[in-house]
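Q: Handing you this structure, nothing more for now.
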Amino acid sequence: MIDLRLLRDDPDAVRASQQARGDDPTLVDSALDADARRRSSLTEFESLRAEQKAMGKQVAKAQGEEKAELLTRTKHLAEQVKARQAEAQGAEKELDELLYAIPNVVEGAPPGGEADFVVLRHEGGTPRDFAAEGFTPRDHLDLGERLGAIDTARGAKVSGSRFYYLTGIGARLELALLNAAMDQAVTEGFTPMITPTLVKPETMRGTGFLGAHADEVYRLEKDDLYLVGTSEVALAGYHADEIIDLSAGPRRYAGWSACYRREAGSHGKDVRGIIRVHQFHKVEMFSYCAPEDAAAEHQRLLAWEEAMLAKVELPYRVIDTAAGDLGSSAARKFDCEAWLPTQERYLELTSTSNCTTFQARRLGVRERTEDGSTRPVATLNGTLGTTRWIVALLENHQQADGSVRVPAGLRPYLGGLEVLEPVR
RNA sequence: GGAGACGUCGCAUAGUCUGGUCUAGUGCGCCACCCUGCUAAGGUGGUAACGGGGCAACCCGUUCGCGGGUUCAAAUCCCGCCGUCUCCGCCA
Numbered sequence: 002m003i004d005l006r007l008l009r010d011d012p013d014a015v016r017a018s019q020q021a022r023g024d025d026p027t028l029v030d031s032a033l034d035a036d037a038r039r040r041s042s043l044t045e046f047e048s049l050r051a052e053q054k055a056m057g058k059q060v061a062k063a064q065g066e067e068k069a070e071l072l073t074r075t076k077h078l079a080e081q082v083k084a085r086q087a088e089a090q091g092a093e094k095e096l097d098e099l100l101y102a103i104p105n106v107v108e109g110a111p112p113g114g115e116a117d118f119v120v121l122r123h124e125g126g127t128p129r130d131f132a133a134e135g136f137t138p139r140d141h142l143d144l145g146e147r148l149g150a151i152d153t154a155r156g157a158k159v160s161g162s163r164f165y166y167l168t169g170i171g172a173r174l175e176l177a178l179l180n181a182a183m184d185q186a187v188t189e190g191f192t193p194m195i196t197p198t199l200v201k202p203e204t205m206r207g208t209g210f211l212g213a214h215a216d217e218v219y220r221l222e223k224d225d226l227y228l229v230g231t232s233e234v235a236l237a238g239y240h241a242d243e244i245i246d247l248s249a250g251p252r253r254y255a256g257w258s259a260c261y262r263r264e265a266g267s268h269g270k271d272v273r274g275i276i277r278v279h280q281f282h283k284v285e286m287f288s289y290c291a292p293e294d295a296a297a298e299h300q301r302l303l304a305w306e307e308a309m310l311a312k313v314e315l316p317y318r319v320i321d322t323a324a325g326d327l328g329s330s331a332a333r334k335f336d337c338e339a340w341l342p343t344q345e346r347y348l349e350l351t352s353t354s355n356c357t358t359f360q361a362r363r364l365g366v367r368e369r370t371e372d373g374s375t376r377p378v379a380t381l382n383g384t385l386g387t388t389r390w391i392v393a394l395l396e397n398h399q400q401a402d403g404s405v406r407v408p409a410g411l412r413p414y415l416g417g418l419e420v421l422e423p424v425r
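What follows is the structure in structure tokens.
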């Protein structure tokens, strides 16, 4: 939820943000109108209510005829109060719905849509030249099957398309990656968390995932619960309706969870292998911090993502996502995309968003300021490792014989194993 | 799945039967000040959030788990839901 004060004081800023996202700027005017109507009806209701309360006290004291007379007057007043209250509540609900429909105000993201991202830099060395090395690279599924690591056929048999089994070394590899991610997070002072993957509607709504991309989310209708697409949801909800102490700096959590995505509307896209799947695992960084520290915290999260990518020795680029491609709660987003040799393109491995106070406002996460008042905090999130990283790891570190070199950073998590050998 | 108890201002608790004197009392904790050579003890005052109005001091409203209802008036009465605890049953 955006700041109502900002909407009132600087509606042009919100209109500009809507325009940058390619969203409807007239929402701003509808919200301003609803706000004005709410305030006037609320004032009317409140003065009538004050009168009613004062009269109630007289009724309590009065006796006999005087009381009977007061009762007839106050009965009439009660009807008016009820009507005005309904009016005020109606206006409030209308305003709320409009406010919930406006995505976060963009902060520094380049204008444009999905294709208009800005490449900030390339890291992790130049991608390998397989032609020069004298062999054609195999794709991750080919490699994974030879290693006995990935089984998509049985995944489809048991659960349908976009499901898979990680088997043998594949299962160990995922655990190694995620354990390395958890260890790094703990070393950097994050609190490790294993989070619920089913959440209530208000939590899902509060994090902003039920807006334009609601189709992406699995819903258990019978139980009125949602399956999370990332532990960000459970971590954002963790401090909902709380006043937390940030005087010692940001509160940082590292969430480990399964993630579920419907992948609606991506039919025919990335159908091979485990690039785009309905269920995977992820270690996610989540930070609650003071609003003025959020941009700096965003850079820190990005740096931690890059430290993990360095451990896995992948070539990647960092992009600054364009406004039109931001999620509804993000004010700015940086992705790290690893090079995928067989497709000769970049594949998103990490994504870090600065949600400023948008989520905290919806979820009621506040801090106490020095003057004793409260204010919403900022929330940020970023990826430290996912099942998908296996794709980039296998392809980039493959050798001519179908074996795969284990990057040094993961060896301690695989009992010192240096090479994954094909089993067939 | 069944039965019962409970849910009140940071924590603990009073208030609910018998609706209005609740502007929610008290203790603890916390903050400020006073007293005391230091410490301990003591004293005085303050101590929720959200919204509306006002330059401000301040005023008003909402909130006693959540949502409805009854009533001139609800922490208090009625209905539904959620959560916690205890016992029983069932499953592992």
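Position in the first sequence (first residue = 1) + 1 = the numbering used here. Using N, Cα and C, we set each Cβ at its ideal position, and we do this for glycine too.
Just checking my contact of residue 22 with residue 325 at CB under 8 Å: how many whole Å lie between their CB atoms?
A: With 8 Å as the limit, residue 22 and residue 325 qualify as a contact, their Cβ atoms being about 5 Å apart.
Q: Of all the alpha helix (DSSP H) runs that stay within the bounds of the region 162-217, which reach a length of 4 or more residues?
A: If we require 4 residues or more, the alpha helix (DSSP H) runs fully inside the region 162-217 come out as 170-188, 202-207.
Q: Determine the closest residue to residue 165 out of 176, 47, 152, 174, with distance taken between C-alpha atoms.
A: Nearest of 176, 47, 152, 174 to residue 165, Cα basis: 152.
Q: Alpha carbon to alpha carbon, what distance is there between residue 302 and residue 332?
A: Cα-Cα distance, rounded: 15 Å.
Q: Identify every residue that forms a DSSP beta bridge with residue 335.
A: In the DSSP output, where bridge partners are listed per residue, residue 335 has 321, 353.
Q: Cα separation between residue 65 and residue 75?
A: Cα-Cα distance, rounded: 15 Å.
Q: DSSP has residue 340 in a bridge; who is on the other side?
A: DSSP lists 347 as partners of residue 340.
Q: Would residue 107 pass as a contact of residue 327 if the rule is Cβ separation under 8 Å?
A: Going by C-beta atoms, residue 107 is nearer than 8 Å to residue 327.
Q: Mind checking which residues open and close the alpha helix (DSSP H) that includes residue 258?
A: Per DSSP, residue 258 belongs to no alpha helix (DSSP H); it is in the beta strand (DSSP E), 252-261.
Q: Restricting to Cα atoms, I'd like to know which of 42, 362, 250 is closest to residue 294.
A: Out of 42, 362, 250, 250 has the C-alpha closest to the C-alpha of residue 294.
Q: Could you tell me if residue 334 is buried or exposed, where buried requires 16 or more neighbouring beta carbons within 10 angstroms of its beta carbon?
A: The residue is buried, with at least 16 neighbouring Cβ atoms inside 10 Å.
Q: Excluding sequence positions up to five away, which residues of its chain have a Cβ less than 7 Å from the Cβ of residue 393?
A: If we look at residue 393 and ignore the five residues flanking it on each side, its Cβ neighbours are 315, 339, 341, 348, 350.
Q: Of the residues 12, 63, 20, which one's Cα is nearest the Cα of residue 30?
A: Nearest C-alpha to residue 30: 12.
Q: For the beta strand (DSSP E) containing residue 380, list its first residue and its last residue.
A: It spans 379-387 - the beta strand (DSSP E) in which residue 380 sits, taken as one unbroken run.
Q: Among residues of its own chain, excluding the 5 on either side of residue 205, which ones have a beta-carbon nearer than 8 Å to its beta-carbon?
A: Closer than 8 Å at the Cβ level, and outside the excluded window around residue 205, lie 211, 218, 227, 229, 234.
Q: Find out if the Cβ-Cβ distance for the pair residue 383, residue 306 is shorter than 8 Å.
A: Cβ distance < 8 Å, so residue 383 and residue 306 count as in contact.
Q: Would you give the residue range spanned by the alpha helix (DSSP H) that residue 392 belongs to?
A: Run containing residue 392: 390-397, per the alpha helix (DSSP H) assignment.
Q: On a Cα-Cα basis, can you pick out the residue from 120, 154, 361 that is closest to residue 101?
A: Answer by Cα proximity: 361.
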